[in-house]
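These notes concern the structure reproduced below.
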Amino acid sequence: MDRQAAPEPPGDAEPVLPSTWFLPSAVTAELDPDRRDGGGGRVRRTLRDWVVDFGFFLVAVVIGLIGADGVAKNPALSESTVAIDQLIGAASCAAVWLRRRWPVGLAVAMLLVGLVSDSAGGATLVAYFTLAVHRPFKYSALIGGLGVATIPVFFWLRPDGETPYLVSVVLTSMLILVVLAWGMLVRSRRQLLIALRDRARRAENEAALRAEQAQRLAREAIAREMHDVLAHRLTLLSVHAGALEFRPDAPQAEIARAAGVIRESAHEALQDLRQVIGVLRGGEAETSSGRPQPTLAALDTLVAESRDAGMKVVLDLRVADPAAVPAAIGRTAYRIAQEALTNARKHAPGAEVTVTVAGAADEGLTVTVRNPAPPGEVPPVPGSGQGLIGLTERASLAGGRLSHGTRHGGGFVVEAWLPWG
1 MDRQAAPEPP GDAEPVLPST WFLPSAVTAE LDPDRRDGGG GRVRRTLRDW VVDFGFFLVA
61 VVIGLIGADG VAKNPALSES TVAIDQLIGA ASCAAVWLRR RWPVGLAVAM LLVGLVSDSA
121 GGATLVAYFT LAVHRPFKYS ALIGGLGVAT IPVFFWLRPD GETPYLVSVV LTSMLILVVL
181 AWGMLVRSRR QLLIALRDRA RRAENEAALR AEQAQRLARE AIAREMHDVL AHRLTLLSVH
241 AGALEFRPDA PQAEIARAAG VIRESAHEAL QDLRQVIGVL RGGEAETSSG RPQPTLAALD
301 TLVAESRDAG MKVVLDLRVA DPAAVPAAIG RTAYRIAQEA LTNARKHAPG AEVTVTVAGA
361 ADEGLTVTVR NPAPPGEVPP VPGSGQGLIG LTERASLAGG RLSHGTRHGG GFVVEAWLPW
421 G
């Protein structure tokens with residue numbers, strides 16, 4: 001075949017399966033380039049090739065013997081002409097074994113030999129068939145067309161005493177055209193087989209790429225989840241630890257309460273981290289990690305934790321039944337509120353935060369978190385903005401949208417809409 005197979009990664013050559021013994025070498029060379037001698041030379045013949053080559057050799061011999069017998073019975077030819085014709089036919093039959101290596105050269109040689117020898121007729125047909133199988137249509141059209149064009153000249157120079165001139169020309173021309181058409185059909189079937197195999201390989205590669213991309217997206221989702229959860233927990237730890245540091249003379253009850261919040265937050269952070277590591281190791285979905293995921297019904301608990309950390313939070317929940325919200329949408333709304341509260345705690349400490357959740361089925365769920373400007377100067381926080389990027393992606397993946405920005409007077413607002421229904 002003309003098209004070269006794509007090189008494969010080097011490695012130990014695998015043993016040839018018995019099934020490839022019954023495939024043409026031109027096909028096996030495309031399926032397994034290692035079958036080429038020297039990594040890119042001629043193709044080693046398979047068992048099928050040897051059987052087919054021997055069969056074509058027998059066909060060439062049988063047709064050549066029929067032609068030689070006809071030449072011997074032709075009274076218009078001398079004995080020396082008959083002997084030369086038969087010798088040329090024998091050499092042509094032997095040349096059939098070279099048909100795979102030089103299909104074009106053999107076809108051209110048989111085209112010329114066919115002008116002077118009846119005994120080479122079988123080898124000529126085999127050469128035409130081989131040309132049509134192993135080379136593109138332009139070669140078959142050119143050489144086959146020349147072969148058909150020389151038939152009237154051949155029978156005019158060497159008429160058949162038993163068959164009329166016109167019948168001989170038509171039958172021989174049709175025979176050549178049928179052989180060429182048969183060869184082109186075989187070539188097209190081989191190309192179809194290789195094309196289907198290439199398509200299957202591309203489909204496998206695309207499936208592997210899609211699986212790899214899905215794994216990457218899952219890792220990114222886990223990273224966002226880890227940022228949202230741990231940032232909230234660690235912020236609580238930081239707030240209470242800072243309160244203990246700057247108020248060592250606080251009442252004993254307040255110190256105990258802060259220590260309890262620190263312990264509980266640390267425990268929750270460790271649980272969240274174990275969950276993330278478990279998902280990374282096992283590749284399971286977060287819903288099967290063994291720990292229930294927060295939904296919109298847990299928003300009261302989140303606000304209570306923030307208030308325990310010293311924040312001023314106002315919750316305005318306008319959803320009749322939070323438990324009726326789909327788990328995925330409720331979890332996304334919870335994470336948006338959680339990240340927004342974490343950002344308000346870091347960037348606007350002491351400011352009152354208002355969390356508003358409203359919506360109904362077939363209308364969508366709206367989450368709004370607002371806070372005014374902080375009462376005092378706030379030092380810049382490194383890494384700011386990453387959480388909002390993650391929230392935007394999370395809302396987009398859920399089929400919703402999220403916007404955020406500063407308000408008049410220095411405040412900040414996060415607004416999200418999620419589909420529900």
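Take the sequence shown: its letter number 6 is residue 6 in the numbering used here, and every next letter is one higher.
Virtual Cβ for every residue (Gly too), placed ideally from N, Cα, C.
Exposure of residue 156, with buried meaning 16 or more beta-carbon neighbours within 10 Å
exposed
Other residues of its chain near residue 179: CB distance less than 8 Å, five sequence neighbours each side excluded:
125, 128, 129, 132
Count the other CB atoms, across all protein chains shown, that sit within 10 Å of the CB of residue 248; report buried if there are 16 or more and exposed otherwise.
Exposed.
Cα-Cα separation between residue 312 and residue 379, rounded to whole angstroms
20 Å
Checking 8 Å against the spacing of the C-beta atoms, do residue 122 and residue 70 come in under that value?
no
At which residues does the alpha helix (DSSP H) containing residue 162 begin and terminate?
Where residue 162 is concerned, there is no enclosing alpha helix (DSSP H), given that its DSSP letter is neither H nor E.
By alpha-carbon positions, which one of 67, 102, 338, 77 ends up nearest to residue 90?
67
Cutoff 6 Å; reference residue 60; Cβ partners in own chain excluding five residues on either side
93, 96, 122, 123, 126
Can you list, in chain order, the stretches of the beta strand (DSSP E) that have 3 or more residues and sit fully within the stretch 50 to 128?
none
Return the bridge partner residues of residue 359 from the DSSP annotation.
Answer is 365, bridged to residue 359.
Between the CA atoms of residue 397 and residue 302 - distance to the nearest angstrom:
23 Å
Based on Cα-Cα distance, which residue from 268, 153, 77 lies nearest to residue 165?
153
Reduced DSSP category for residue 316 - H, G, I as helix; E, B as strand; rest coil:
strand
Coil, strand or helix - residue 351 by DSSP:
The answer is coil: DSSP assigns residue 351 none of H, G, I, E or B.
Closest by C-alpha distance to residue 84, when choosing among 99, 105, 104, 117:
117
Alpha-carbon spacing of residue 335 relative to residue 409, whole angstroms:
27 Å
Three-state secondary structure assigned by DSSP to residue 421:
coil
Are the Cβ atoms of residue 402 and residue 395 separated by less than 8 Å?
yes
Over what stretch of residues does the alpha helix (DSSP H) that includes residue 301 continue unbroken?
299 to 308
For residue 268, the three-state DSSP class (helix, strand or coil)
Reduced to three states, the DSSP call for residue 268 is helix.
Could you tell me the alpha carbon to alpha carbon distance between residue 342 and residue 364, rounded to whole angstroms?
24 Å
Report yes or no: do the stretch 134 to 152 and the stretch 183 to 193 share at least 3 C-beta pairs separated by less than 8 Å?
Of all C-beta pairs linking the stretch 134 to 152 to the stretch 183 to 193, three or more are shorter than 8 Å, placing the two stretches in contact.
Answer with buried or exposed for residue 252, where buried requires no fewer than 16 other C-beta atoms within 10 angstroms of its C-beta.
Of the residues assessed, residue 252 falls on the exposed side of the cut-off, its CB having fewer than 16 other CB atoms within 10 angstroms.
Just to confirm before moving on: does the CB-CB distance between residue 329 and residue 420 stay below 8 Å?
yes
If residue 143 and residue 108 are in contact, beta carbons under 8 Å, what's the gap, nearest whole angstrom?
6 Å
Contacting residues, own chain, Cβ-Cβ under 8 Å from residue 299 (five flanking each side not counted):
So the list reads 315, 317, 322, 333, 334, 337, 355, 357, once near-sequence residues are dropped.
With DSSP collapsed to three states, give me the class of residue 325.
coil
Look up residue 407 in the DSSP assignment and say whether it is helix, strand or coil.
coil
Own chain residues within Cβ distance below 8 Å of residue 352, not counting five before or after
312, 313, 314, 371, 372
Look at residue 340 and residue 369 and say whether their C-beta atoms are less than 8 Å apart.
yes
Can you tell me which of the three DSSP states residue 258 falls into?
helix
In three-state terms, what does DSSP make of residue 401?
Reduced to three states, the DSSP call for residue 401 is strand.
Anticipated Cβ contact below 8 Å, residue 119 with residue 88, distance rounded:
6 Å
Leaving out the 5 sequence neighbours to the left and right, which residues in its chain are closer than 7 Å to residue 290 when beta-carbon positions are compared?
Residue confidence is low: residue 290 scores 48 on pLDDT, short of 50, so the model does not pin down where it sits. Its coordinate-derived value is still stated next. So no residue of the chain qualifies.
Which residues in the same chain have their Cβ closer than 7 Å to the Cβ of residue 141, if we skip the five residues on either side of it in sequence?
none
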